[in-house]
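**Student:** One rule links them: number in my numbering = place in the sequence shown (from 1) + 91.
The structure follows.
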Amino acid sequence: MHKFIAVVSFLLAFFFTFTSKAEYVYDIYGLSNSYLQNNAKTGLGLAMNDEWLFVGIPGFDKPAYYMPPWISFPAFTDAGAVDVYRKNESGEWDYFERILPLATVGSYAYFGSSIDISGNKVIIGAPGANSNRGFASVYIFNGVTWSLSYTFNPGTQNEGDKFGFSVAIDGNCIAIGSPGKDKIDYSTLPDETLYADFGGVYNYYHNGSSYINLGVVTFSNFARGDGQLGYSVDVNDALIEYEHGCRVAAGAPYAKSTANETQYGALLVYKKRTDASYYEEGTYTGETENSELGYSVSMSCVKFAYYNTSQFQWYIYSNCVLLSGAPGMPIVSLDQGGVYSFAITPLAPALPARHHLSFTDTIAPVDLPAGARLGESISLNWVGPSLYPYKAIVGAPNYNGNGAVFIYDTPNVVGQIFPSNILLSPNPQSNSKFGLAVTSDQENMTITGCASSPYWDAMSLYNIGKAYMIEEI
């Protein structure tokens, strides 16, 4: 889910002038439901807006439907499920219902591993279904319940493609990552070269009556190797822009810089137009070996209108902030982690212009403990009318062995990023990986978010997981 604010160009002159980091106070509390089952991994997938919260339980063991309700013998191991919460009038989150995959979904589908929401639509990925071929489903709230609307299953997947490993939805645009997708380089014939786990992103848009398949996007450069493009994705509905289409940011954390080099990680930002044509807005490669840039991505855009006085015509553009995690970044020690920030802006808004990706800053705290892996998860909370200020929630699931969530703040106009808070789990536990998944409502500068510890143990059960609300007070 993404926050968009329609503004005209004169608002871009309005800037915030704060230049020092701020301290905020947060309340962290656990949600009422944790599914009490070994390896449930509650919270491995998360998504929310200002009314709804979705908590994935990809390890949910689905009982056979023909059994009486008092018998809980699991027939389908790790089929998956998603718990839904709704905010009440008092601002508290009440359990609403549980979404289960179709009865035909069998074991190890891991339904709920990835989730995203836009308005009254939520998309849920099941990358393990059908021998890791995967699928993703859209559910729509009909006023009473969240009902299945459409299932994406290209039918061309091979075992191990993991279609649905990452999902994103915004307005009428959908992007679905398939990081296990292989690609063949036929330029080396007669001995073609197979690149396993090259990765790809499938693109769709809704034309008002049905979803249209816009095709799959992969890297054009085979030197990227088994980069797993689509490990992370985010999407921006830019269908009303001058250069209209669905803007997608996709990460490939294991991509190489050039052939035969070690893994740096990479980002690809592009637009898929409604005629399925493709325009690349930019790529970026990690700056250090094994940094795993692209492990996570979060993008938020602000639309604005520009009036061309010579052509007597309005043009619609977007200014976007994109954050991408690089949890393997070795700042001083291995796997301390970090975050790259980017802007996606039009080259020359006075004329019909395309957008381009530009690097703005790096979050790389030198005092992070080794192995913290800052950046495994990211959620941009909100982007102001001029791109700044904004806040972000960033997970470091290995921080001091327990995990932590970092709040970052960009209070000024030049994009400097300041750490404001480090939040620890209310129930610290070794290897519970607090912060492995994070999300936020993206409604304003006051953070309401959620973070999880999918490997949290309790009551002699292991890896049941737990999700926690994070609220700025």
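Beta carbons: idealized from backbone N, C-alpha and C, even for Gly.
With a cut-off of 8 Å, do at least 3 Cβ pairs link the segment 365 to 382 to the segment 395 to 409?
**Tutor:** Counting Cβ pairs under 8 Å, fewer than three are found: no touch.
**Student:** Would you report the Cα separation of N304 and G121, rounded to the nearest angstrom?
**Tutor:** For this step, residue 304 is matched to residue 213 along the sequence shown. For this step, residue 121 is matched to residue 30 along the sequence shown. So the alpha carbons of these two residues sit roughly 39 Å apart.
**Student:** So, are the CB atoms of T539 and S531 less than 8 Å apart?
**Tutor:** For the purposes of this step, residue 539 is identified with residue 448 of the sequence shown, where counting begins at 1. For the purposes of this step, residue 531 is identified with residue 440 of the sequence shown, where counting begins at 1. Going by C-beta atoms, T539 is nearer than 8 Å to S531.
**Student:** To which residues of the same chain is A461 closer than 7 Å at the C-beta, ignoring the five residues directly before and after it?
**Tutor:** Position 370 of the sequence shown, counted from the start, is the residue given in the question as residue 461. Hits under 7 Å: S424, L425, D426, Q427.
**Student:** Which full runs of the beta strand (DSSP E) of 3+ residues lie inside the segment 408 to 438, going along the chain?
**Tutor:** Whole beta strand (DSSP E) segments, 3+ residues: 430 to 437.
**Student:** Could you give the residue range of the beta strand (DSSP E) that holds N294?
**Tutor:** Within the sequence shown, the letter at position 203 stands for residue 294. From DSSP, the beta strand (DSSP E) with N294 extends over 292 to 297.
**Student:** Taking Y186 as the reference, which of L239, F145, S238, S301 has the closest Cα?
**Tutor:** Numbered from 1 along the sequence shown, position 95 holds the residue referred to as residue 186. That would be F145, whose Cα lies nearest to the Cα of Y186.
**Student:** Tell me the residue span of the alpha helix (DSSP H) that contains S240.
**Tutor:** Sequence index remark: in the sequence shown, residue 240 carries index 149 (1-based). That residue, S240, is in no alpha helix (DSSP H); its beta strand (DSSP E) goes 237 to 243.
**Student:** Identify whether N489 lies in helix, strand or coil by the three-state DSSP scheme.
**Tutor:** Indexing the sequence shown from 1 puts residue 489 at position 398. Reduced to three states, the DSSP call for N489 is coil.
**Student:** Give every residue of the same chain whose Cβ lies closer than 6 Å to the Cβ of S111, excluding the five residues on either side of it in the sequence, and list them in chain order.
**Tutor:** Translated into the one-based positions of the sequence shown, residue 111 becomes position 20. Since pLDDT at S111 reaches only 41, below the 50 mark, its modelled position is unreliable, and the value read off the structure follows with that caveat. Result list for S111: empty, nothing under 6 Å.
**Student:** Express the C-alpha separation of C392 and S415 in angstroms, rounding to a whole number.
**Tutor:** Residue numbering aside, residue 415 sits at position 324 when the sequence shown is read from its first letter. Residue numbering aside, residue 392 sits at position 301 when the sequence shown is read from its first letter. Answer to the nearest angstrom: the Cα atoms are 15 Å apart.
**Student:** Curious, which full-length beta strand (DSSP E) runs of at least 3 residues does the segment 342 to 383 contain?
**Tutor:** Segments of the beta strand (DSSP E) lying fully in the segment 342 to 383: 357 to 363, 369 to 376.
**Student:** Considering only C-alpha positions, which residue in the set I508, L515, G262, F226 is nearest to Y296?
**Tutor:** Position 205 of the sequence shown holds residue 296. Comparing Cα positions, the closest option is G262.
**Student:** Straight-line CA distance for N221 to G136?
**Tutor:** Locating residue 221 in the sequence shown gives position 130, counting from the first residue. Locating residue 136 in the sequence shown gives position 45, counting from the first residue. Cα to Cα, the separation comes out at about 20 Å.
**Student:** Would you kindly work out how many angstroms separate the C-alpha atoms of D152 and Y201, rounded to a whole number?
**Tutor:** Position 61 of the sequence shown, counted from the start, is the residue given in the question as residue 152. Position 110 of the sequence shown, counted from the start, is the residue given in the question as residue 201. Going from the Cα of D152 to the Cα of Y201 covers about 10 Å.
**Student:** Cα separation between N233 and I564?
**Tutor:** Here residue 233 is taken as the residue at index 142 of the sequence shown, counted from 1. Here residue 564 is taken as the residue at index 473 of the sequence shown, counted from 1. C-alpha separation (whole angstroms): 33 Å.
**Student:** Determine the DSSP secondary structure at S511, reduced to helix, strand or coil.
**Tutor:** The count along the sequence shown starts at 1 and reaches residue 511 at position 420. Note: S511 maps to strand in three-state DSSP.
**Student:** For the alpha helix (DSSP H) holding N129, just list the boundary residues, first then last.
**Tutor:** Residue numbering aside, residue 129 sits at position 38 when the sequence shown is read from its first letter. First-last for N129: undefined, no H or E at that position.
**Student:** Which of the three DSSP states is assigned to A200 in this structure?
**Tutor:** If you number the sequence shown from 1, residue 200 lands on position 109. Here A200 sits in coil by DSSP.
**Student:** By the 10 Å Cβ neighbour count, where 16 or more other Cβ atoms means buried, how is V258 classified, buried or exposed?
**Tutor:** Taking the first residue of the sequence shown as position 1, residue 258 is located at position 167. Answer is buried; the Cβ neighbour count reaches 16.
**Student:** What is the DSSP secondary structure of P223, counted as helix, strand or coil?
**Tutor:** Taking the first residue of the sequence shown as position 1, residue 223 is located at position 132. Note that residue 223 is Asn in the sequence shown, not Pro. In this structure, N223 counts as helix in the three-state DSSP scheme.
**Student:** Thinking C-alpha only, which one of G556, Y286, F167, A417 is nearest N312?
**Tutor:** To locate residue 312, count along the sequence shown from 1; it is residue 221. For N312, the nearest C-alpha among the options comes from Y286.
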